[in-house]
Amino acid sequence: MILLYSIVLLLVAFPALGDPFFSSLLYQNVPHHFCSRYYHRNGGMGCRTPLSGVSGILRLVNSLDDLPRVAPNNTKDRVVILLNSTILSNELLQRATNTESIVGVAVYDVGAPTETYSPEAPSPDGFGTPAATLSLHPEYVWNPHGSNFNAQDSLLSFVHIRSAETYAHLREKALSNEHSGRKPYIMEMGSYMGPEDMSSPKCLAGGHCLPLGGQSVWSLSPAEEPKPIVLLATAMDARSEFYDAASDGQNAGVRTAVLLAIAEALRDVEWAAVGKQVMIAFFEGEAWGRAGSRAFLSDVTDFECLHRVPQASSPFNDAMCSRPLRLSLRFAELDLRRFEQVIVLDRLLPLRTSLFFHAEPDCPLARFDAALPIQPSAVAKLPPGTAESFYQAGVRRTVVISGYDDAFAEPHPGSVFQEPVTAAQVAPIASTILAFSLQQLGINATSTTLSGVTATSTSLSEVSPTLPAINGTYLESVLRCLAVDGSCAVLESVLGYEPDSITHRLGGVPVDKFCGVLEEGRYPVVSVGSRYVVESEETPSGVYFMPSMYESFLHASLALAFHANANATECTSFRDCRTLANGYCVQGRCLSAYAYYHNAMDPGVQLTGVGAFAVKPNDTTSPVYAEPFWGGYYGEVPSVRVFQRVSAWEDWVTLVCGVAVVGASWYLTRYFFDTYGPQLKLGK
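With mature numbering (1 follows the signal peptide of the UniProt record, and there is no 0) applied, the sequence shown covers -18 to -1, 1 to 666.
Put into structure tokens, the structure is as follows:
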């Protein structure tokens, strides 16, 4: 046995000289975020590699002018370029894509690019994207910097390196390649995610993909009888050019923090004295064909419960429907005719001197002044996003509040490379939007800003002892968690985690706001007998439901802001709160919450079984975004690694030496057994 181990060690020692086959086994893994790859109704989008991956000589690029030098057109060598994020640009990516010898780009994050760069489309969710059929204005250019890289089917591998130590190591290897061509360092990239002609309907039907989505979260202020509703909503998710790195792409963390701060400010309002109800909604999957808002409105307008389970029999503390499965039926009590006003928060930063209103021409706008002015946009169009869903559903008084006017103000929309955010920037924005919301709810006595909306005469003193105001400390703590540095003390407190546990896990990066896929647990299933099912005509005995940490945080925060009562029962889960309607355990006590989850799944997709999905045959417009499984049927988990390549003669030396060692080892082993085996009884 010792001899056999020696043989193995010798075989490994020779390849260490640098044989391309063997040396590729002696690699260094590169921590990274890889370019996203997804499928839609008509094909794929994002980066992909062949099943065997791609590899190229690692070369350093310091400017766009370096490309012809490191990757000349007449070279037979394949190249992977290494650069820092400040020189990243649309032109650089386009030229790299069009240069045959360049197979990959590795970019290190040192800050926002200084050149024009945006991987999103010029017309987000419009022309050139899979969601164009859903758009009100598919032709309008909201993003003049857009390259549409994210929606393209790209053979260029693109990875994001966050670690300074990793970048320094790679830079050293790339610089050594400048001076030595005999044994270059090679970067190998592999992210095979399926065949070229794959689409989401085929991928879902074959069981190789899951739809993108999750759980939207919403709440409604209490009322003894239905009142007109003012909805404050936003998209809670984002996407970027890299998987698992949408730290604050599209300002999602900022607008979510602002809306949470507004909800927190409204928690002490005496709603019985207000003539309207406020609804707060965070819609999931909005970056993927508005999955959350479209699913919510589809249920509000066209849902039929075939088997209702009363609260007394429900395994989830609230009346539910087990066929089709919905954990709560509170949405069925809504009527679109009650939605007097829909206010959607969009990209709030960067902000120069003013916020802006956006609406369609049938909703006239007027200026509003508070901590900041809100001016009507120069363009009478709703921008792409949640507002389009409500307008298309018939709610004409739908308004978007943003930090941009007729085009996105941020320089790099849809990219992980963003300017840093501070609470000082966001506080006046939150205060202004709260003031406007209070006016629309009739909680102040100032004039209104939207035609046709009349403030009530209720004075503030009749409603609440003090004017609801933004808690600056709370806003800053949420911002740090969701948009700045991942310091999540507020999340840990609300969800009952150990102090610093989530903060440490995030490692200085904000909570990722990519919605993820609808894997089992992200959508609810119920147990009937000894099995789990997606719907049942029998009363279920249990529920399996595991929303994401981000979704749970938003739900628990809304439960703290809007609940009927609390009891003294100590709790560790919702099961301890069965005596309360829609009882949830938040910060160790039971609350009868006015906060609810709602499945955020593309209305064009149907759940056919646990883990099984299909595209509805009568749906022809939904983009149906899906993510392929990593590994398994479609190859290995995406990887990036570096190794050193050697010359052909060393290949032969390695091979000959290896064969010689194996032959000699075999001969010596046989000699040993033949000579000493009978004496040592080795043959028995």
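The C-beta atom is built at its ideal place from N, Cα and C for all residues, glycine as well.
Do residue i and residue j have their CB atoms nearer than 8 Å?
i, j, result
"residue 324", "residue 254", "no"
"residue 465", "residue 403", "yes"
"residue 622", "residue 507", "no"
"residue 262", "residue 327", "no"
"residue 285", "residue 218", "no"
"residue 169", "residue 103", "no"
"residue 362", "residue 341", "yes"
"residue 132", "residue 28", "yes"
"residue 468", "residue 491", "yes"
"residue 535", "residue 476", "yes"
"residue 22", "residue 198", "no"
"residue 559", "residue 233", "no"
"residue 414", "residue 451", "no"
With DSSP collapsed to three states, give me the class of residue i.
i, result
"residue 167", "strand"
"residue 421", "helix"
"residue 80", "helix"
"residue 350", "strand"
"residue 452", "coil"
"residue 66", "strand"
"residue 526", "strand"
"residue 149", "helix"
"residue 578", "strand"
"residue 373", "helix"
"residue 566", "strand"
"residue 504", "coil"
"residue 447", "Per-residue confidence for residue 447 stands at a pLDDT of 49, beneath the threshold of 50, marking its modelled position as unreliable; the derived number appears in the next sentence. The answer is coil: DSSP assigns residue 447 none of H, G, I, E or B."
Please classify residue i as buried or exposed, where buried requires at least 16 other C-beta atoms within 10 Å of its C-beta.
i, result
"residue 179", "exposed"
"residue 317", "exposed"
"residue 648", "exposed"
"residue 482", "exposed"
"residue 11", "exposed"
"residue 441", "With a pLDDT of only 36 at residue 441, under the threshold of 50, the placement of this residue in the model should not be trusted, and no figure is reported."
"residue 421", "buried"
"residue 105", "buried"
"residue 667", "A query on residue 667 cannot be resolved here, the shown segment of the chain reaching from -18 to 666 and no further."
"residue 3", "Any reading at residue 3 must be qualified, since the residue scores a pLDDT of 44, below 50, and its modelled position is unreliable; no value is offered."
"residue 565", "buried"
"residue 505", "buried"
"residue 473", "buried"
"residue 585", "buried"
"residue 644", "exposed"
"residue 650", "exposed"
"residue 598", "exposed"
Candidates the options: which alpha carbon is nearest residue i's?
i, options, result
"residue 242", "425, 409 and 484", "409"
"residue 454", "406, 335, 123 and 475", "406"
"residue 51", "84, 314, 197 and 657", "84"
"residue 240", "297, 456 and 284", "456"
"residue 627", "19, 12, 37 and 20", "37"
"residue 567", "591, 203, 537 and 157", "537"
"residue 121", "100, 470, 366 and 514", "366"
"residue 681", "151, 109, 133 and 563", "In the structure as shown, the chain starts at -18 and stops at 666, and residue 681 therefore has no counterpart that could be examined."
"residue 56", "210, 81, 40 and 157", "81"
"residue 619", "174, 413 and 424", "174"
"residue 388", "78, 376, 424 and 329", "329"
"residue 335", "372, 215 and 386", "386"
"residue 502", "528, 519 and 168", "528"
"residue 25", "642, 646, 609 and 99", "609"
"residue 291", "307, 60, 280 and 272", "307"
"residue 289", "574, 517 and 556", "517"
"residue 141", "522, 282 and 31", "31"
"residue 595", "192, 450 and 547", "192"
"residue 183", "657, 644, 639 and 600", "600"
"residue 138", "76, 372, 162 and 91", "76"
"residue 112", "511, 249, 126 and 605", "605"
"residue 94", "66, 581 and 119", "66"
"residue 98", "118, 69, 78 and 267", "69"
Tell me, which residues are paired with residue i by DSSP?
i, result
"residue 135", "28"
"residue 407", "Per DSSP, none; premise fails for residue 407."
"residue 142", "15 and 89"
"residue 97", "Looking at the DSSP assignment, residue 97 forms no beta bridge with any residue, so it has no partner."
"residue 211", "259 and 321"
"residue 22", "25"
"residue 384", "338"
Tell me whether residue i, by its Cβ, gets closer than 7 Å to a heavy atom of the ligand MG.
i, result
"residue 520", "Of the ligands one can find in the structure shown there are none, so the ligand MG has no counterpart to examine."
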